[in-house]
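**Q**
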Amino acid sequence: MISIKISNFFFLGITVLTLPVIGCTTLFAPKKSPAQVVNTTTATVSSTPIPKTLFGMHIQEPTKTPWPAVNVGALRVFVPWFFIQPNKGEWKFKILDKYVDLAEQQGVEVLYVFNDTPKWAAARPNEVGEWGKDFPGVASEPKDMEDWRNFVRTVATRYKGRIRAYQIWNETNNKNDYSGSIEKMVQMAQEAYKVLREVDTNIIVVSPGAIAGLDLPGNESWISLGGVDWLDQYFAKGAAAYTDVVGPHLYSIKEKAPEERVQTIRRMQQVMAKHKLSHKPLWDTENAYAKFPNEQPFTDEEARGFIARTYIIYWASGISRFYWYAWDVNTQIHPNWLKMVQADNKTLTPASIAYSEVQKWLIGATMKSCQPDSNKIWICQVTRDNNYTGWIVWNPEGKLPFKVPSNWNIKQVRDLAGGKSTLLASGSVEIGRSPLLLD
């Protein structure tokens, strides 16, 4: 494990010798900037029925972790290049085969991330990156682009028709993950895009997952540039032509509620519009919540609320897919993370139960509106066939009584623990940080 102090928090990079770890688990404290204030309340809602693929997931250890006991709509897979091709001409597909087999058995779409150059192919083979001294060169671009093209072609050909989407690198503004220039990453994207389309014209190419959450502290040596700005330059230098989906990582921390992520989403959408990418999907390809080491663990209400509110607000704000990190997050390395399962990787937590329940509320429904009222109570209207209308309500600031409008014709109240109750004769219900569905 590599531990690099960031203000009062820690960036944790994980070195695993037998199995790759998905993603780069980075959290950061936000920096407020008045010049970058964007509308954080009003959501522009899609008229498309909500698909199951909104609910993406990571699984770190597919050979050890049972498949999630809740529905998963999409799977993001991270098996490093150096793991698949440890030496030129040597290929090891066992772990990636396992991921793809599991996903097929569950009917789940796969997003594979190209990342981590092997030492033999690296332009800077002795440079230490996120995997430490045992695997140097991982953050470097390849010395010979033909090695990169061959890797992309070999993977795409092997999994043609089985892996639908590919992401061009992980966290490219994290120097431990990528130490090259933006220009070089644009070249890599161009080469990969061409090869992928030669293999299969139906392949979806996703932009790098730059860390684009609320403003970074600003003095961290491990960050080359804020994620929104990094992607802005990436597109400006030509990569917009090689992008089918924009896929940043919108990491935040406990003090920044899910509602406040709308600010970063709007900034990202402004960059997309600038580069004529507004018609392309926007995905959050890796994200989670954590507390600082000196804080108390998440309460059950916090856990349920953060999970459900994030997915609801994301869809309302224009994000069509969100990959949670991770189903089996390492509890020893990440004791303060919001967990989906207990240490046995089987027993569900309030967070994973909420993940399952909010799917029932959303998948197949159309969201008609979603925004806070004058009292900062969020109200989201969802409809279905057969004249169904439901109302999802919560107050991000805590519990208070809510008088249900009589014209809603509410019969029952559903919560994120799977409970149901009849609306009181008074027509009032107590709401809080954990959303309720009134229908």
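Following the numbering used here, the numbering of the sequence shown begins with 245 at its first residue and continues without gaps. Where is the CB? At the ideal position from N, CA and C, for every residue including glycine.
(1) Could you say if the stretch 369-388 and the stretch 331-348 meet the contact criterion of at least three C-beta pairs nearer than 8 Å?
(2) Considering only residues of the same chain and omitting the five flanking positions on each side of Gly676, which have a CB-CB separation below 8 Å?
(3) For Pro362 versus Gly381, is the C-beta spacing smaller than 8 Å?
(4) Between which two residues does the alpha helix (DSSP H) harbouring Leu340 extend?
(5) By the 10 Å Cβ neighbour count, where 16 or more other Cβ atoms means buried, how is Ala485 classified, buried or exposed?
(6) Tell me whether the stretch 306-325 and the stretch 625-635 touch, counting them as touching only if at least three CB pairs, one residue from each stretch, are closer than 8 Å.
(7) Checking 8 Å against the spacing of the C-beta atoms, do Asn414 and Val357 come in under that value?
(8) Is it the case that the Cβ atoms of Ala409 and Val439 are separated by a distance below 8 Å?
(9) Taking only three categories from DSSP, how would you classify Ser522?
(10) From the DSSP output, read off the bridge partner residues of Ser613.
(11) Sort out for me which residues DSSP pairs Asp528 with in a bridge.
(12) Specify whether the stretch 562-578 and the stretch 607-615 touch according to this definition: at least 3 beta carbon pairs, one from each stretch, less than 8 Å apart.
(13) Relative to the alpha-carbon of Pro579, which residue among Glu539, Lys308 and Asp444 has its alpha-carbon at the smallest distance?
(14) Alpha carbon to alpha carbon, how far is Leu682 from Gly457? Give it in angstroms, no decimals.
(15) Which value, in whole angstroms, describes the spacing of the CA atoms of Ala669 and Asn619?
(16) Please confirm if the stretch 645-652 is in contact with the stretch 515-528, defined as three or more CB-CB distances below 8 Å between the two stretches.
(17) With DSSP as the reference, label Ala409 as helix, strand or coil.
(18) Taking only three categories from DSSP, how would you classify Val265?
(19) Mind checking who Lys647 pairs with in its DSSP beta bridge?
(20) Taking the straight line between their C-alpha atoms, what separation do you get for Glu435 and Gln507?
(21) For Val357, report the span of its beta strand (DSSP E) as first-last.
(22) Do Ala595 and Ala534 count as a contact pair if the criterion is CB distance below 8 Å?
(23) Only counting the same chain, and skipping five residues up and downstream in sequence, which positions put a Cβ closer than 7 Å to that of Gly662?
(24) Please state if the CB of Pro502 and the CB of Tyr478 are separated by a distance shorter than 8 Å.
(25) Buried or exposed: which applies to Ser468, given that a residue is buried once 16 or more other Cβ atoms fall within 10 Å of its Cβ?
(26) Expressed to the nearest angstrom, what Euclidean distance is found between the alpha-carbon atoms of Ile556 and Glu504?
(27) For Asp345, count the other beta carbons within 10 Å of its own beta carbon; 16 or more makes it buried, fewer makes it exposed. Which is it?
(28) Identify, in the order they occur along the chain, each residue of the same chain with its Cβ nearer than 6 Å to the Cβ of Trp527, setting aside the five sequence neighbours on each side.
(29) Can you give me the C-alpha to C-alpha distance between Arg368 and Asp391, rounded to a whole angstrom?
(30) In the DSSP output, which residue or residues are listed as bridge partners for Lys664?
(31) Quick one: using the 10 Å Cβ neighbour count with 16 as the cut-off for buried, is Gly218 buried or exposed?
(32) Between the alpha carbons of Pro693 and Ala609, how many angstroms are there, rounded?
(33) If I follow the unbroken alpha helix (DSSP H) through Ile557, where does it start and stop?
(34) Leaving out five residues before and five after Ala552 in sequence, what residues of the same chain have Cβ atoms less than 6 Å from its Cβ?
(35) Please work out which residues of its chain come closer than 8 Å, Cβ to Cβ, to Ser384, disregarding the five sequence neighbours upstream and downstream, and give them in chain order.
**A** Here's the rundown:
(1) No: the two stretches stay apart, fewer than three of their Cβ pairs being nearer than 8 Å.
(2) If you ignore the 5 residues before and after Gly676, its C-beta comes within less than 8 Å of the C-beta of Glu545, Gly549, Trp638, Asn639, Gly642, Lys643 and Leu644, all in its own chain and listed in chain order.
(3) Yes; because the gap between Cβ atoms is below 8 Å, this pair is in contact.
(4) Residue range Lys338 to Gln350 is occupied by the alpha helix (DSSP H) that includes Leu340.
(5) Label assigned to Ala485: exposed.
(6) Output reads no: the stretch 625-635 does not touch the stretch 306-325.
(7) Cβ atoms of Asn414 and Val357: closer than 8 Å.
(8) No, they are not a contact pair.
(9) In the three-state scheme derived from DSSP, where H, G and I count as helix and E and B as strand, Ser522 is classed as coil.
(10) Ser613 pairs with Gln625.
(11) Paired residue(s): Phe566.
(12) The stretch 562-578 and the stretch 607-615 do not touch, with fewer than 3 CB-CB distances between them shorter than 8 Å.
(13) The shortest CA-to-CA distance from Pro579 to any of Glu539, Lys308 and Asp444 is the one to Glu539.
(14) Counting only the Cα atoms, Leu682 lies some 32 Å from Gly457.
(15) A straight line joining the alpha-carbon of Ala669 with that of Asn619 spans about 23 Å.
(16) Contact annotation: the stretch 645-652 does not touch the stretch 515-528, with fewer than three C-beta pairs closer than 8 Å.
(17) When secondary structure is reduced to three states using DSSP, Ala409 falls in the strand class.
(18) Note that Val265 scores a pLDDT of 39, beneath 50, so its modelled location is shaky and nothing firm can be said.
(19) For Lys647, which the question treats as bridged, DSSP gives the partners Ser672.
(20) Distance between the alpha carbons of Glu435 and Gln507: 33 Å.
(21) Start and end: Glu353 to Phe358.
(22) The criterion of a C-beta distance shorter than 8 Å is not satisfied by Ala534 and Ala595.
(23) The residues are Ile597 and Glu601.
(24) No, these two residues do not count as a Cβ contact at 8 Å.
(25) By the neighbour-count rule (16 or more Cβ atoms within 10 Å), Ser468 is buried.
(26) C-alpha separation (whole angstroms): 13 Å.
(27) Exposed: under 16 other Cβ atoms inside 10 Å.
(28) Short of 6 Å from the beta carbon of Trp527, and not among the five residues preceding or following it, lie these beta carbons of its own chain, in chain order: Val489, Gly491 and Arg565.
(29) Roughly 14 Å between the two C-alpha positions.
(30) Paired residue(s): Arg658.
(31) Coverage of the chain is limited to positions 245 through 683, which leaves residue 218 absent and any answer about it impossible.
(32) Any question about residue 693 goes unanswered here, given that the chain covers just 245 to 683.
(33) Note, Ile557: alpha helix (DSSP H), Asp544 to Ser561.
(34) Residues Ala598, Val602, Leu660 and Pro679 of the same chain have their beta carbon placed closer than 6 Å to that of Ala552, with the five preceding and five following residues left out of the count.
(35) Counting only Cβ-Cβ distances below 8 Å, and skipping sequence neighbours, we find Thr361, Ala366, Ala367, Arg368, Pro369, Glu371, Gly373, Ser423 and Gly424.
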